[in-house]
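Please read the structure below before turning to the comments.
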């Protein structure tokens, strides 16, 4: 498949949602869907959906809609879900636990190879079928298992040192939940998730709602 | 302040990050910053920053840069951080705990009024200075404290029923971390955060890195 142009961040941000919806549709036995139906489910406009998918060459046929299975598999390829990427989870505190428990690694095409922590109380206990390992063993583990990705849920102050260390062991991608930003690093993929930003986004939306309600009341 | 045009979702998504950076700058005693410096810190292009801030009327002066304090306060207003919105946290499991522990409610202009759970083992215990309350008492609590927002970290299957119930008590905004989507509801602000989507976004970025590395090797 050829990329037709540089794909915008907002399109990429929407793709995982498309993928989840299409997965649900497939599980429900739906074989074909129009951009209109997909747009109602996804709550974005039909033209937005057509635009988004056109970035990757366009999969739909006019008046025919999308084949759910093949659209889902194309989106999986775009997202690299067919690459079999392997991840380690570093940090088994509240954030690490909720992420490990609720993320469908296998059905999304990933492999969670191991979970690490440095807290002696956690080491040796079980989490989602993994025995939590001592962080001291991570160098040897990465050498043997060759994971590409690390999911960081470590204390803020430790994050940069941990990231540098893991890069030296060969990690090439970081999903960072450590409440502090990991800046772009050459040849390293970084996705920062700053959970509390979402509260500010909600605040913006609520303010918009309040404004339009007031405007209506004043009419 | 007048909105000049409908602001795009991607701009809104970037504003909390601007706000955090400006807060750090202010704490470090920086009074003025050029769009070039801000862009280096934020790792977006200077023209992107100018464009983003122009959506709201533009605050910078050519060759003079931005006043950190006033830019930060304008962004706070845009995000509604000056509204004094009040939130309840529903669910004190791993997700609720990590969010409560790491979110600076007060310094972002919010008030966390109460934390609720239905697990007898959790009710009565302490979390970030709050005694976790019985979910059964939430109706009376909302009537008295009048929070606008609920942060949902409840089990997937319970989420829709909880949201409907809270709307009937007067909640008008939901930050939903429940690993299932809350669809748009009339007059209700909704921000869904699906944590595992971030793993797919990272996968996309890693694939891009792999591709450009391969392309270089083949040169």
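Protein chains in written order, with the numbering used here: chain A, 1 to 219; chain B, 1001 to 1219. Positions of the beta carbon are idealized from the N, C-alpha and C atoms, including for glycine. Model, not experiment: these values are computed from the prediction.
Contact belief for residue i with residue j at Cβ below 8 angstroms, rounded distance in angstroms
i, j, result
"residue 164 (chain A)", "residue 176 (chain A)", "Contact doesn't hold; Cβ gap of about 13 angstroms is too wide."
"residue 195 (chain A)", "residue 1172 (chain B)", "The Cβ separation is near 21 angstroms, so there is no contact."
"residue 1067 (chain B)", "residue 1032 (chain B)", "6 angstroms"
"residue 1199 (chain B)", "residue 110 (chain A)", "7 angstroms"
"residue 1010 (chain B)", "residue 10 (chain A)", "5 angstroms"
Beta-carbon proximity of residue i to residue j, cut-off 9 angstroms
i, j, result
"residue 1203 (chain B)", "residue 85 (chain A)", "yes"
"residue 1021 (chain B)", "residue 1076 (chain B)", "no"
"residue 1044 (chain B)", "residue 1072 (chain B)", "no"
"residue 152 (chain A)", "residue 130 (chain A)", "no"
"residue 1114 (chain B)", "residue 1178 (chain B)", "no"
"residue 89 (chain A)", "residue 150 (chain A)", "yes"
"residue 201 (chain A)", "residue 1127 (chain B)", "no"
"residue 50 (chain A)", "residue 35 (chain A)", "yes"
"residue 1182 (chain B)", "residue 1160 (chain B)", "yes"
"residue 1133 (chain B)", "residue 1116 (chain B)", "yes"
"residue 1197 (chain B)", "residue 16 (chain A)", "yes"
"residue 107 (chain A)", "residue 23 (chain A)", "yes"
Identified DSSP bridge partners for residue i
i, result
"residue 176 (chain A)", "A:152 and A:192"
"residue 1087 (chain B)", "B:1112 and B:1149"
"residue 33 (chain A)", "A:66"
"residue 1127 (chain B)", "B:1130"
"residue 1117 (chain B)", "B:1134"
"residue 245 (chain A)", "Outside the shown range of chain A (1 to 219) lies residue 245 (chain A), about which nothing can therefore be said."
Residue environment, residue i, which counts as buried when at least 16 other CB atoms sit within 10 Å
i, result
"residue 8 (chain A)", "exposed"
"residue 1155 (chain B)", "exposed"
"residue 1052 (chain B)", "buried"
"residue 212 (chain A)", "exposed"
"residue 189 (chain A)", "buried"
"residue 962 (chain B)", "Summary: the structure shown does not reach residue 962 (chain B), with chain B confined to residues 1001 through 1219, and so no result is reported for it."
"residue 185 (chain A)", "exposed"
"residue 1087 (chain B)", "buried"
"residue 100 (chain A)", "buried"
"residue 1135 (chain B)", "buried"
"residue 74 (chain A)", "buried"
Under 8 angstroms by beta carbon: chain E residues contacting residue i
i, result
"residue 81 (chain A)", "As a matter of chain content, chain E is missing from the structure shown, whose protein chains are A and B."
- Three or more beta-carbon pairs under 8 angstroms between the stretch 143–153 of chain A and the stretch 118–127 of chain A, yes or no? no
- Message: Quick test of the definition: if touching needs 3 or more C-beta pairs under 8 angstroms, does the stretch 32–42 of chain A touch the stretch 87–96 of chain A?
- Response: no
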